[in-house]
Amino acid sequence: MPRRSGAETQALLLETAKELLLERGVANGVAHIRLQEVVRRTGLTTGAAYRLWADQEDFHRDLAATVVRWRQDAPVDSTEEAVGALLEAESSLDEVIRIASARHVETFTAATAGRSRSSRLFLLALAVRATAQACDGLRDASRDRHAESVAEFMAFYQRVIDRFGYRLRRPYTLEQFAEAMAALGEGFGLHALEGLEHPDVIIGDDDEAAAGTWTLFGICVRGLVGEFLIMKDPAGPEPDAADSDPAGSAGDQDQDQEKTVFTRTTAQ
Numbered sequence: 001m002p003r004r005s006g007a008e009t010q011a012l013l014l015e016t017a018k019e020l021l022l023e024r025g026v027a028n029g030v031a032h033i034r035l036q037e038v039v040r041r042t043g044l045t046t047g048a049a050y051r052l053w054a055d056q057e058d059f060h061r062d063l064a065a066t067v068v069r070w071r072q073d074a075p076v077d078s079t080e081e082a083v084g085a086l087l088e089a090e091s092s093l094d095e096v097i098r099i100a101s102a103r104h105v106e107t108f109t110a111a112t113a114g115r116s117r118s119s120r121l122f123l124l125a126l127a128v129r130a131t132a133q134a135c136d137g138l139r140d141a142s143r144d145r146h147a148e149s150v151a152e153f154m155a156f157y158q159r160v161i162d163r164f165g166y167r168l169r170r171p172y173t174l175e176q177f178a179e180a181m182a183a184l185g186e187g188f189g190l191h192a193l194e195g196l197e198h199p200d201v202i203i204g205d206d207d208e209a210a211a212g213t214w215t216l217f218g219i220c221v222r223g224l225v226g227e228f229l230i231m232k233d234p235a236g237p238e239p240d241a242a243d244s245d246p247a248g249s250a251g252d253q254d255q256d257q258e259k260t261v262f263t264r265t266t267a268q
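What follows is the structure in structure tokens.
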């Protein structure tokens, strides 16, 4: 067998360490993953490992940054899979929100039950990112991961907005909406890491909200959508979010249209 380069050896050790972390979960960050154990699992020598890292702390910094960047698929993929057919069919925006939000919550339960590798990776990276302030390298990796995910979801949100004939209210931007959604979704992810059960909300036909069985996350998403989005005016030009005055003459029209942000019938 040809001799591995230093980079190849490092990649092998980090990959093995990540698998150990996936098996055991996060405990005090990644400090419970010992380099010596990783070396034994790979069959390499301790000397080979310590030529790559000066000490255990140095190894843990690299491992944490690698975990943050580690993902099996794009976070938006499962959401698109859940609602792809609804976007093609005669569905309401409410239904898309309800189904997509439920899929996101399933990510938490699948992870904590050990059923889904992709879900466990999501929560594992989230847990490590929560400690990012202590290390510049980890903070940079966390910011890169966040920016990448936000960009992917912005493209998805824009497709949904266009599909149902909405626009952003002045002066909000799509990036602000995506950032708010990310904070909400990751917040409930941290709840799952703490062992908190995600509540469902059952809304009847006579209640003062959209009927159905909703996750609490879905109800919160619905609130964000109502604040950030409004139906397009088919009779007028598209407003420029950067140049428009949010307190201008369109304010009354926005208030009138607010009631139509969610419809139980098919959006045209």
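Counting with UniProt numbering, you get residues 1 to 268 for the letters of the sequence shown. In this text, a Cβ means the ideal position worked out from N, Cα and C, and glycines have one as well.
| query | result |
| --- | --- |
| Indicate the three-state DSSP secondary structure (helix, strand or coil) for Gly204 in the structure shown. | coil |
| Just how far apart, CA to CA, sit Leu193 and Val128? | 11 Å |
| In the structure shown, what three-state DSSP assignment does Tyr157 receive? | helix |
| Three or more beta-carbon pairs under 8 Å between the stretch 46 to 65 and the stretch 12 to 21, yes or no? | yes |
| Taking all protein chains shown into account, decide if Arg222 is buried (16 or more other Cβ within 10 angstroms of its Cβ) or exposed. | buried |
| What is the DSSP secondary structure of Leu215, reduced to helix, strand or coil? | The displayed chain sequence assigns Thr, not Leu, to residue 215. DSSP places Thr215 in strand when its eight states are reduced to three. |
| Spatial neighbours of Thr131 within its chain, please: CB distance less than 6 Å, with the 5 preceding and 5 following residues excluded, ordered by chain position. | Gly29 |
| Going by beta carbon distance, what residues of the same chain come within less than 7 Å of Tyr166, once the five residues before and after it are set aside? | Leu229, Ile230, Met231, Lys232 |
| For Leu220 and Ser119, I'd like the C-alpha separation in whole angstroms. | For the record, residue 220 in the displayed sequence is Cys; it is not Leu. Using only the alpha carbons, I get a separation of about 21 Å. |
| Of the residues Leu13, Arg69, Glu95, which one's Cα is nearest the Cα of Arg139? | Arg69 |
| Pull the bridge partners of Arg167 from the DSSP assignment, please. | Ile230 |
| Taking just the CA atoms, how far does Leu224 sit from Leu196? | 23 Å |
| Does the beta-carbon distance from Thr213 to Ser101 come in below 7 Å? | no |
| In the structure shown, what three-state DSSP assignment does Thr66 receive? | helix |
| Given this structure, state the Cα-to-Cα distance separating Gln56 from Arg103, to the nearest angstrom. | 38 Å |
| Can you tell me whether Gln10 is buried or exposed, with buried defined as 16 or more other CB within 10 angstroms of its CB? | buried |
| Please report how far the alpha carbon of Arg163 lies from the alpha carbon of Val67, in whole angstroms. | 36 Å |
| Please check the pair Val105 and His198, which I expect to be a contact at CB under 8 Å, by giving their CB distance rounded to whole angstroms. | 5 Å |
| Hey, would you say Phe217 sits closer than 7 Å to Phe177, going by beta carbons? | no |
| Let me make sure I understand the geometry here. Which of Ser92, Ile99, Glu152 has the alpha-carbon closest to that of Ala182? | Glu152 |
| Grouping DSSP H, G and I as helix and E and B as strand, with all else coil, what is Pro75? | helix |
| Could you give the DSSP three-state label for Arg222: helix, strand or coil? | helix |
| Start and end of the alpha helix (DSSP H) containing Tyr50? | 46 to 50 |
| With DSSP as the reference, label Gly43 as helix, strand or coil. | coil |
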